[in-house]
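To keep things clear, I will list the structure first and then write my remarks on it.
Below you can see the structure in the form of structure tokens.
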């Protein structure tokens, strides 16, 4: 083992020891009060002050709770979403710390049509880079909710496909997780919270390093695609009296990754770990801070003010080095009312977002700012009916400034609007039948809107869509069924034309299909479930006066995921998950003429044994040894999850 490797491991364990000392605070007894609707296990000493938020679960949404996340033994949020949901999730051109998500047939650009929200903060970028979700350990997550055909009113630009809502834990206690796996992979994660009288403070941290499972040529020397990820954070909730809640958070993360470029079909077939002649070396770090305040005028009516700041740097090393600095300021002011039959939300959002480039090609300062107003209402009547209405108006402004001048070089404004309407019938307490309509929009990001070298891209317009959904939710006892039929009509769907090398629009396109999710929870010893999605994504264009219909690349027609949890005896848990996706067309194959991407297939198995506060576990990933890859074009493959891997670890709960 070389000196560099020893130094990396030394800093890795120093970081873990620091984080453990930060969060391993001995818990104090929890005082129980009689406050209605308050869960004392979560709020502890806060319960006599804290008025819990309204439950915002939507009909047909899919919920993955902390127990489901824990049983999966997933090492990251990305890994859980990739293997345990019907999202299409894959590394962005091979980057393991930056995943692309897609649902309902949006293909390669699906991540730009999904709003990702963590603790009410929208995670998004103003360019084509994906939101980074690898800077928070999975142990800190309490719940993941996936909403489809909803979200444009509350979250705005880019919520055409739906929303992924992630809530972190607020319970007292914590967890330390130390793991080791294939390819010299070391992973340590820690999370903890302490609850006192009128305050709730939490911290999390992670240190990850791996030699990687592929080879690269670095200055003619064969090396592995090593990667590292370190992150940590603090957050605080304070309730000084019955009507006031103050909150604040701060987190920082950094990753350093070398990920190989594409390989040929022949290399992929013979050995997906083949040496790649090109690779990307990215160093990314981000500092995020947020602060908020809520005032309860009555137990049912409150006002909220929230502010979020992010400063991030993305540096690419190599023959064409570049640095992009991101600064984001967002503010949200709203009021909400939760009554017996009425839920009402109204407010405004402000976003000031910029990217400063520093490369041989560009040193421009790019802005994409917005101001939005929105209102949403849910009204229950006659016990079994509910109507949902909401609208959003958003003004988006683009600008590009030359580095050596404060003069505006390019500037553009546009006004956008979205709308949602729904009806829910609940004929019995365990059954909901809903109809929902959403008009959504996606304004182009700055990479698509500005031409290379400056000026506006005259070939691109704002994408709009009309979505329709018929859904059913049935929850008898231990059984849960969610099913839906959907249809999405799009005008000017945004895409990159690989022939002309121009970002442009598809004149007309649509997505249609059916989805079903079935879960069965017999007891604490046995649970199982399956999710299935059938999706058709088509587009049309004019060729010499003839309308030609094609299938959108990057969309799997069939996608299935299954899970099983079984306890043969109380301390032992066996968990299995399996996912299968049919072969889509390659990302750039809009003519549907080349061979298709390999189907996705993955089988994971974990075994754990718990004794008091300790848990030891082992896992196997991709046990079938299926070779998975992203296919960009006929001879450009980005392999991932292409061989079996194994590992294990030890958890300590406190």
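In the working numbering, the protein residues as written are 1036 to 1689.
Even for Gly, the Cβ is constructed at its ideal location relative to N, Cα and C.
Given the structure is predicted, the values throughout are model-derived calculations rather than measurements.
Please classify residue 1183 as buried or exposed, where buried requires at least 16 neighbouring CB atoms within 10 angstroms. It counts as buried.
Closer than 8 Å by C-beta to residue 1678: which residues in its own chain qualify, once you throw out the five before and the five after it? Chain order, please. Spatial neighbours of residue 1678 in its own chain (CB-CB distance under 8 Å, excluding positions within 5 residues in sequence) are listed in chain order as 1248, 1307, 1308, 1657, 1660, 1662.
On the DSSP letters alone, give me the boundaries of the alpha helix (DSSP H) that residue 1112 sits inside. For residue 1112, the enclosing alpha helix (DSSP H) has its first and last residue at 1112–1119.
Mapping the DSSP letters down to three states, classify residue 1662 as helix, strand or coil. The answer is coil: DSSP assigns residue 1662 none of H, G, I, E or B.
Does the stretch 1609–1624 come within contact of the stretch 1665–1672, defined as at least 3 CB pairs closer than 8 Å? Taking a cut-off of 8 Å on C-beta distances, the stretch 1609–1624 touches the stretch 1665–1672, as three or more cross pairs fall below it.
When you compare the CB positions of residue 1319 and residue 1289, do they come within less than 8 Å of one another, or not? Yes, Cβ-Cβ distance for residue 1319 and residue 1289 is below 8 Å.
Buried/exposed call for residue 1535, threshold 16 Cβ in 10 Å: Exposed is the call here.
Taking contact to mean at least 3 C-beta pairs separated by less than 8 Å, is the stretch 1455–1472 in contact with the stretch 1503–1513? With a cut-off of 8 Å, the stretch 1503–1513 and the stretch 1455–1472 count as touching, because enough Cβ pairs lie within range.
Taking all protein chains shown into account, do 16 or more other C-beta atoms lie within 10 angstroms of the C-beta of residue 1583, making it buried, or fewer, making it exposed? In this structure residue 1583 is exposed. Its beta-carbon is surrounded by fewer than 16 other beta-carbon atoms within 10 angstroms.
Who does residue 1557 pair with in a DSSP beta bridge? Among the bridge pairs identified by DSSP, residue 1557 is matched with none.
Which first and last residues belong to the beta strand (DSSP E) in which residue 1477 is found? Residues 1466–1477.
Is residue 1314 buried or exposed, if buried means 16 or more other CB atoms sit within 10 Å of its CB? So residue 1314 ends up on the buried side.
Using the beta-carbon count (16 or more within 10 Å), is residue 994 buried or exposed? Summary: the structure shown does not reach residue 994, with the chain confined to residues 1036 through 1689, and so no result is reported for it.
Residues in the same chain with beta-carbon distance under 6 Å from residue 1688, minus the five sequence neighbours each way, listed in chain order, please. Only 1210, 1648 meet the Cβ criterion.
Assign residue 1125 to one of three DSSP states: helix, strand, or coil. In the structure shown, residue 1125 sits in a strand (DSSP, three-state: E or B).
Please confirm if the stretch 1551–1559 is in contact with the stretch 1584–1594, defined as three or more CB-CB distances below 8 Å between the two stretches. No, the stretch 1551–1559 does not touch the stretch 1584–1594.
Residue ranges of each beta strand (DSSP E) run of no fewer than 3 residues wholly in the stretch 1625–1676, ordered along the chain? Listed in chain order, the complete beta strand (DSSP E) runs (minimum 3 residues) inside the stretch 1625–1676 are 1635–1646, 1649–1656, 1663–1668, 1671–1675.
Out of 1417, 1329, 1173, 1407, point me to the one whose CA is closest to residue 1280's CA. The shortest C-alpha separation from residue 1280 is found at 1329.
Which two residues bound the contiguous alpha helix (DSSP H) that contains residue 1104? Its alpha helix (DSSP H) spans residues 1101–1107.
Among 1397, 1223, 1296, which one has its Cα closest to the Cα of residue 1251? The option with the nearest alpha carbon to residue 1251 is 1296.
Does DSSP put residue 1437 in a helix, in a strand, or in coil? Here residue 1437 sits in coil by DSSP.
Looking at C-alpha atoms only, which residue of 1136, 1105, 1299, 1235 is the closest neighbour of residue 1674? Per the C-alpha coordinates, the member of 1136, 1105, 1299, 1235 positioned closest to residue 1674 is 1299.
Compute the distance between the beta-carbons of residue 1097 and residue 1199, then report whether it is under 8 Å. Between residue 1097 and residue 1199, the C-beta gap is not smaller than 8 Å, which leaves the two residues out of contact.
Could you tell me the distance, in whole angstroms, from the CA atom of residue 1231 to the CA atom of residue 1475? One C-alpha to the other measures close to 43 Å.
Quick one: residues in its chain with C-beta nearer than 7 Å to the C-beta of residue 1411, no 5 flanking neighbours on either side, listed in chain order? Answer for residue 1411: 1188, 1189, 1380, 1425, listed in chain order.
Got a sec, what are the start and stop residues for the beta strand (DSSP E) residue 1263 sits in? Element bounds for residue 1263: 1262–1276.
At the level of alpha carbons, what is the spacing between residue 1321 and residue 1400? Taking the straight line joining both Cα atoms gives about 19 Å.
Go through its chain and collect everything with a Cβ distance to residue 1178's Cβ below 6 Å, but skip five positions before and after it. Cβ neighbours of residue 1178 beyond the five flanking positions: 1100, 1202.
Buried or exposed, going by whether 16 or more other CB atoms sit within 10 Å of the CB of residue 1684? That one is buried.
Buried or exposed, going by whether 16 or more other CB atoms sit within 10 Å of the CB of residue 1455? Buried: at least 16 other Cβ atoms inside 10 Å.
Can the beta-carbon of residue 1519 be found closer than 8 Å to that of residue 1550? Their beta carbons are under 8 Å apart, which means residue 1519 touches residue 1550 by this criterion.
Selected residue, minimal CA-CA separation from residue 1196, among 1461, 1398, 1472: Nearest of 1461, 1398, 1472 to residue 1196, Cα basis: 1472.
Where do the N-terminal and C-terminal ends of the alpha helix (DSSP H) with residue 1199 fall, by residue? First-last for residue 1199: 1197–1203, but that is the beta strand (DSSP E), not the alpha helix (DSSP H).
Which value, in whole angstroms, describes the spacing of the CA atoms of residue 1601 and residue 1146? So the alpha carbons of these two residues sit roughly 34 Å apart.
Residue 1221 at chain B interface by Cβ criterion, 8 Å: Within the model displayed, chain B is absent; a lone protein chain is all it includes.
Quick check: the Cα distance between residue 1568 and residue 1548, rounded to an integer number of angstroms? Each residue's Cα considered, the two are about 7 Å apart.
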